[in-house]
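>
Protein chains: 2
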Amino acid sequence: MTDTEGGAAPGILSELRPFFYPKAVAVVGVSQDSTKFGSRLCRAIQLFGFAGPLYPVSPRGTDFFGLPMYPSIDTVPGPVDLACICVPSPQVTDVIRQCRNKGIPAVVVMTAGFSETATAEGGQLEQELASLAGDGLRIIGPNCFGIYSPGGGVTQLPGATYPQEQGGLALLSQSGGVSVEFCRPSRDFGIRLSQAVSYGNACDISEADLLRYFEADPQTRIIAAYIEGVRQGRDFFYTMRHVTPRKPVILWKGGLTPSGARAAMSHTASLSGSKRIWEALFRQTGAIQVHSLEELLDTASALYHLPPQTDPRVGVVCGGGGISVASSDACHRAGLALASLGPEAHQHLASILAPSGTSAANPVDAGGPYPPAALLRDILMTLGASGDVGSIIIDRIALSARMRQALESAEDEEMEGDHLLTQLPVELQRRWGIPVIVVLREGGDLPPALEWEAERRRLRGYYQQRGIPVYPTAERAMRALGQAIAYFRYRDRAKA
Amino acid sequence: MTDTEGGAAPGILSELRPFFYPKAVAVVGVSQDSTKFGSRLCRAIQLFGFAGPLYPVSPRGTDFFGLPMYPSIDTVPGPVDLACICVPSPQVTDVIRQCRNKGIPAVVVMTAGFSETATAEGGQLEQELASLAGDGLRIIGPNCFGIYSPGGGVTQLPGATYPQEQGGLALLSQSGGVSVEFCRPSRDFGIRLSQAVSYGNACDISEADLLRYFEADPQTRIIAAYIEGVRQGRDFFYTMRHVTPRKPVILWKGGLTPSGARAAMSHTASLSGSKRIWEALFRQTGAIQVHSLEELLDTASALYHLPPQTDPRVGVVCGGGGISVASSDACHRAGLALASLGPEAHQHLASILAPSGTSAANPVDAGGPYPPAALLRDILMTLGASGDVGSIIIDRIALSARMRQALESAEDEEMEGDHLLTQLPVELQRRWGIPVIVVLREGGDLPPALEWEAERRRLRGYYQQRGIPVYPTAERAMRALGQAIAYFRYRDRAKA
């Protein structure tokens, strides 16, 4: 097999650029009813703060939240390079013909009611739609939620409050809902997106096109995808195989079970394909397989924040024997190796830890979740310096005085030196250049509940901004780290 | 095989009662240093509000937060029925002899430094300890965090702020840390405990003894357990097999992987046993197997809140096609069956849903996460009345006006009728008597973040108080429901 079919397409960046960095946007099908897709999308783009002209198009009405409305696309006064179409499905092809007349290069069709209905009429409408694409006009959709591109000032439905900052992760999602369900919590994972594309039925621009675009896009470092089915399997396969050694692609394939496959058929008319074919694809292309939205976000977070690492030996620091057993089991189940510490590190740890209720073997059990900062620093630096570990997980250690107070209901906890304590994981990662992960428990249970939650989020953001991903459980941390290390090992082999 | 070995022990309730409902408690080994175990435990019991006399015992000091201190257990003026021992390990046996002289029937040894150290000295100390038990004096521990029993007014370390109310779930945990890690978040799952016992090295009172006690205890409906290893495997096996048809036992066995087994050895000196033996135990006893703290809590929550159900056919209501695919996959993976709706229900749903962007097949896709209350009610009642489903999962539907506003950034959302919307899942469960589960996303991402979180917790508590468990993802909801239904099917077979 050669790699040429999946090779980079040099023209794709400029061809798809108007979707992501439009100069002027028209939303066709804005309704008087503010709950309809067209109105909601137009309002979302307006609230998001799109800098160029935004043209609401509708045969009825003259004003949309202060913007003049136009009865049809050809009455829009200035040039338009991105049109988002939300009119009922039988009218879509007419509007696209008008778009072509106006020279609009990028069209997103949000409207549903095409092949996913599994009716002859829907199928035919989609074929007509597809036949209008090409020759300077490209189509994303139909049956989708549109595009979020913070660098270009545009957002999808209902993304008025999505982050304004651009980041390094691109999402392609066949499902609009999954796109929203990813973009919203991605903030909690410290992830910022370069783009998110809900591409629906993919009548023209395919998953493979989007993979090629994201591979070429200099903003994008990591690609996450939710896919129910692909139409051009061969192109998809070769493109995926070409992209993964260059940028990691995390792929959540929906509909791998019989029940899921039936649901996918009625959702995006996708032939889900057999589980076996997809397993072969994952094996042969290096795409990173995940099974849920949670795992997609967890894995994305590891790849987003961590430095590359191929060494599977993990060091764990925790405060409790049962916790160390659980971490060890999770480490094994994630395909990682619990590091064996050499005699030097082991002896030093044994000399600084209390003689009972602790463990100087890995996982290093400090005896409780709030070891003094000086002790914690000594443990962490000993592991970092040992050469015995490729990465370190700090599992449910309280990393600020406020957390310590809440956990212990302490009445006289020292708030001094709080910063020294909190920054220890950062110091560890900077000094030894290895991946560090922090596990902060969701302590909603701890009174006063929302204060703990606020403190947890403060610490989470602090670490994420410094290249340290944060998870609520050791199991999720290990699973994500295992995925990241397996990817970097694949990449090294594929490049060799 | 007969069931006699694992049979109920009629005397166990009265024998162990002083551990859980003591009249007077002594904490031996209270130190001037407030960070030591003894002081922390004594302070926790005091703050928790133990109603009877509480005696801090220490050779040094005269006052402990207003309580008079006593130099030794035999100088304590009144009778004592529970002694918690926190002195260094070489002194423990002497203190227990004093307890025996004073006629104390229940002793918890918190101190570590026994067989878990894997030293000859530690092993011998534990043997001596064990030899002192019996004949009117029973021992829990050593190497543990003690007992939380809200009905008896006592708490474990560091449980000053654990809930005061008694509930129906009993926890036995070989690990003190895991006991804390369970008790704290259990509040978030709407679970209240009858008792929690951290039992450590189990030199006298064993896991099987605790199982027998909880089986006999009228407060306890459900038993959750974290176990690293058992010493009397035969007794444990038969007791477990006897208990599970009467009360569900959810068992998280730590140390099933090679790495975990090594950690368990240094934690509680447990021989973890082979994975194969434990798998046979789960198969043959009906104990419910879970693999993490999260799964232990999730499964406990399902059994705690849901009415019994053996019908595996699940109906799902959601608002999005991708979400419906994910729910379907999760349903299949949890060993459940996605219900097929009969023509009557299907036709009615098709007649009330929008013609495109929805699905009248199961999962029922309302087209978005905020269907009008009347539409949602019609969908739910149609499923309930159909006879086609054994339980219903409401997946990420916004169930209050506040949630709808946050999701949609709506500017003009109606707050009227909010109560009617919120109570729909309760109406569904009450009317049809089938399990209903609500999935509420963790929307920490949604600004203003903590307001969403507060609203999510308000709704979560509302549902949990009404017999509806709440999970953050469909995957976790399905997994927990699958465990519950598999248990009730086992129970019916075992009883038959």
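One line per chain: the protein sequences are P and S, in this order.
Under the numbering used here, the residues of the first sequence are numbered 1 to 496, in order.
Under the numbering used here, the residues of the second sequence are numbered 1001 to 1496, in order.
No residue lacks a Cβ here, since even glycine has one placed at the ideal position from N, Cα and C.
Remember, it's a predicted structure, so these values are computed and weren't measured experimentally.
1. Just curious, the beta strand (DSSP E) that residue 84(P) is in, first and last residue?
2. Just list the residues that DSSP pairs residue 330(P) with in beta bridges.
3. Apply the 10 Å Cβ neighbour rule to residue 1285(S) and answer buried if 16 or more other Cβ atoms are within range, or exposed otherwise.
4. Scan the segment 1288-1301 of chain S for residues whose Cβ lies nearer than 7 angstroms to a Cβ of chain P and list them as they occur along the chain.
5. Answer with yes or no whether the minimum CB distance from residue 305(P) to chain S is below 7 angstroms.
6. Are three or more beta carbon pairs between the segment 282-301 of chain P and the segment 1357-1370 of chain S nearer than 8 angstroms?
7. Using CA coordinates, which residue listed in 1239(S), 1228(S) and 1240(S) is at the minimum distance from residue 1266(S)?
8. Which residues bound the beta strand (DSSP E) around residue 56(P)?
9. Does the beta carbon of residue 475(P) come closer than 7 angstroms to any beta carbon on chain S?
10. Give me the Cβ distance between residue 236(P) and residue 207(P), rounded to the nearest whole Å; I'm assuming they're in contact under 8 angstroms.
11. So the candidates are 400(P), 387(P) and 288(P); which of them puts its Cα closest to the Cα of residue 489(P)?
12. To be precise: take each residue of the segment 313-326 of chain P, compare its Cβ to all Cβ atoms of chain S, and keep it if any distance is under 8 angstroms. Which residues remain?
13. Look at residue 1369(S) and residue 1398(S) and say whether their C-beta atoms are less than 7 angstroms apart.
14. Roughly how many angstroms separate the alpha carbons of residue 1351(S) and residue 1344(S), rounded to a whole number?
15. Distance check for residue 1328(S) and residue 109(P), CA to CA, integer angstroms please.
16. Taking residue 1371(S) as the reference, give the member of 1099(S), 1424(S), 1171(S) and 1026(S) with the closest Cα.
17. Counting only C-beta atoms, is residue 556(P) closer than 7 angstroms to chain S at any point?
18. Could you work out which residues of chain C lie near residue 1363(S), taking near to mean beta carbons separated by less than 7 angstroms?
19. At 8 angstroms on the CB atoms, spell out the chain S contacts of residue 378(P), in chain order.
20. Using C-beta distances below 8 angstroms, list every residue in its chain close to residue 1139(S), excluding the 5 sequence neighbours before and after it, in chain order.
21. Excluding five sequence neighbours on each side, which residues of the same chain lie with their C-beta closer than 6 angstroms to the C-beta of residue 1039(S)?
22. Looking at the structure shown, is residue 1018(S) part of a helix, part of a strand, or coil, going by DSSP?
23. Residue 338(P) versus chain S: which residues are under 7 angstroms apart at the beta carbon?
24. I'd like to confirm the pairing. Which residues does DSSP put opposite residue 64(P) in its beta bridges?
25. Which runs of the beta strand (DSSP E) fall wholly inside the segment 1430-1489 of chain S and span at least 3 residues, in chain order?
26. Pick helix, strand or coil for residue 195(P), following the three-state DSSP scheme.
27. Since I believe residue 317(P) is in contact with residue 379(P) (beta carbons under 8 angstroms), could you give me their beta-carbon distance rounded to a whole number of angstroms?
28. Identify which residue in 422(P), 383(P) and 385(P) has its Cα closest to the Cα of residue 402(P).
29. Going by DSSP, name the residue or residues bridged to residue 107(P).
30. In this structure, does DSSP put residue 413(P) in helix, strand or coil?
31. Among residues of its own chain, excluding the 5 on either side of residue 441(P), which ones have a beta-carbon nearer than 7 angstroms to its beta-carbon?
32. To the nearest angstrom, how far is it from the Cα of residue 391(P) to the Cα of residue 243(P)?
33. Which residue from 158(P), 121(P), 103(P) and 477(P) puts its Cα closest to that of residue 135(P)?
34. Which whole-angstrom value describes the C-beta separation of residue 455(P) and residue 400(P), a residue pair presumed to lie in contact below a C-beta threshold of 8 angstroms?
35. What's the call for residue 1305(S), buried or exposed, on a 16-neighbour Cβ count within 10 Å?
36. Mind checking whether residue 479(P) and residue 334(P) have CB atoms under 7 angstroms apart?
Looking at the atomic coordinates:
1. The residue given as residue 84(P) occupies position 84 in the first sequence. Boundaries of the beta strand (DSSP E) around residue 84(P): 82-85.
2. Counted from its first residue, the first sequence places residue 330(P) at position 330. None, per the DSSP bridge assignment.
3. Along the second sequence, read from residue 1 onward, the residue named residue 1285(S) stands at position 285. Label assigned to residue 1285(S): buried.
4. Residues are counted here when their Cβ sits less than 7 angstroms from a Cβ of chain P; for the segment 1288-1301 of chain S these are 1292, 1293 and 1294, given in chain order.
5. If you number the first sequence from 1, residue 305(P) lands on position 305. Taking 7 angstroms as the threshold, the shortest C-beta distance from residue 305(P) to chain S does not fall below it.
6. Using a Cβ-Cβ distance cut-off of 8 angstroms, the segment 282-301 of chain P and the segment 1357-1370 of chain S are not in contact, since fewer than three pairs of beta carbons, one from each stretch, lie closer than that value.
7. As a position in the second sequence, residue 1266(S) is number 266, starting the count at 1. Measuring from the Cα of residue 1266(S), the nearest candidate turns out to be 1228(S).
8. For the purposes of this step, residue 56(P) is taken as residue 56 along the first sequence, with counting starting at 1. Segment 54-57, the beta strand (DSSP E) holding residue 56(P).
9. Residue 475(P) sits at position 475 when you count from the first residue of the first sequence. So yes, residue 475(P) belongs to the interface.
10. The residue given as residue 236(P) occupies position 236 in the first sequence. The residue given as residue 207(P) occupies position 207 in the first sequence. About 6 angstroms separates the CB atoms of residue 236(P) and residue 207(P); that is less than 8 angstroms, so the two are in contact.
11. Taking the first residue of the first sequence as position 1, residue 489(P) is located at position 489. Of the candidates 400(P), 387(P) and 288(P), the one whose C-alpha sits nearest the C-alpha of residue 489(P) is 288(P).
12. Under the 8 angstroms Cβ criterion, the segment 313-326 of chain P contributes 319, 320, 321, 322, 323, 324, 325 and 326.
13. Here the question's residue 1369(S) lines up with position 369 in the second sequence. Here the question's residue 1398(S) lines up with position 398 in the second sequence. If you check the CB distance, residue 1369(S) and residue 1398(S) come in under 7 angstroms.
14. To locate residue 1351(S), count along the second sequence from 1; it is residue 351. To locate residue 1344(S), count along the second sequence from 1; it is residue 344. Within the model, the alpha-carbon separation for residue 1351(S) versus residue 1344(S) is close to 11 angstroms.
15. Numbered from 1 along the first sequence, position 109 holds the residue referred to as residue 109(P). Numbered from 1 along the second sequence, position 328 holds the residue referred to as residue 1328(S). Each residue's alpha carbon lies about 27 angstroms from the other.
16. Translated into the one-based positions of the second sequence, residue 1371(S) becomes position 371. Residue 1424(S) is the option with its Cα nearest to residue 1371(S).
17. With chain P covering 1 to 496 only, the question about residue 556(P) has no answer from this structure.
18. Here the protein chains are P and S, and chain C is not one of them.
19. On the first sequence, residue 378(P) is found 378 positions in, with the first residue counted as 1. Neighbours of residue 378(P) on chain S: none; closest Cβ ~18 angstroms, over 8 angstroms.
20. Numbered from its first residue, the second sequence carries residue 1139(S) at position 139. Here residue 1139(S) has 1096, 1107, 1108, 1109, 1129, 1130, 1132, 1133, 1203, 1204 and 1205 as same chain residues with Cβ atoms under 8 angstroms from its own Cβ, once five neighbours each way along the sequence are excluded.
21. As a working note, residue 1039(S) is residue 39 in the second sequence. For residue 1039(S), same chain residues with a beta-carbon under 6 angstroms away, outside a window of 5 residues either side, are 1030 and 1031 in chain order.
22. Translated into the one-based positions of the second sequence, residue 1018(S) becomes position 18. Helix, per DSSP.
23. For this step, residue 338(P) is matched to residue 338 along the first sequence. Simply 1259.
24. Against the first sequence, residue 64(P) aligns to sequence position 64. Its beta-bridge partners are 67(P).
25. As for any beta strand (DSSP E) of minimum length 3 sitting wholly inside the segment 1430-1489 of chain S, the runs are 1436-1439, ordered along the chain.
26. Counted from its first residue, the first sequence places residue 195(P) at position 195. Here DSSP, grouped into helix, strand and coil, assigns residue 195(P) to strand.
27. Against the first sequence, residue 379(P) aligns to sequence position 379. Against the first sequence, residue 317(P) aligns to sequence position 317. Between residue 379(P) and residue 317(P), the beta carbon gap of about 6 angstroms places them in contact (Cβ cut-off 8 angstroms).
28. Here residue 402(P) refers to the residue found at position 402 of the first sequence. Ranked by Cα distance from residue 402(P), the options 422(P), 383(P) and 385(P) are led by 422(P).
29. In the first sequence, residue 107(P) corresponds to position 107, counting from 1. Beta-bridge analysis with DSSP links residue 107(P) to 83(P) and 139(P).
30. The count along the first sequence starts at 1 and reaches residue 413(P) at position 413. Confidence in residue 413(P) is poor, its pLDDT being 48 and thus under 50, which makes the residue's placement too unreliable to answer from.
31. As a first step, residue 441(P) must be located in the first sequence, where it is residue number 441. Hits under 7 angstroms: 396 and 472.
32. Residue numbering aside, residue 391(P) sits at position 391 when the first sequence is read from its first letter. Residue numbering aside, residue 243(P) sits at position 243 when the first sequence is read from its first letter. Approximately 26 angstroms between the Cα atoms of the pair.
33. Position 135 of the first sequence holds residue 135(P). Minimum Cα distance to residue 135(P) is reached at 103(P).
34. As a first step, residue 455(P) must be located in the first sequence, where it is residue number 455. As a first step, residue 400(P) must be located in the first sequence, where it is residue number 400. With a Cβ gap of about 7 angstroms, residue 455(P) and residue 400(P) count as contacting.
35. Working through the second sequence from its first residue, we reach residue 1305(S) at position 305. Around the beta-carbon of residue 1305(S), 16 or more other beta-carbon atoms lie within 10 Å, marking it buried.
36. Taking the first sequence and counting its residues from 1, one reaches residue 479(P) at position 479. Taking the first sequence and counting its residues from 1, one reaches residue 334(P) at position 334. In contact: residue 479(P) and residue 334(P) (Cβ atoms closer than 7 angstroms).
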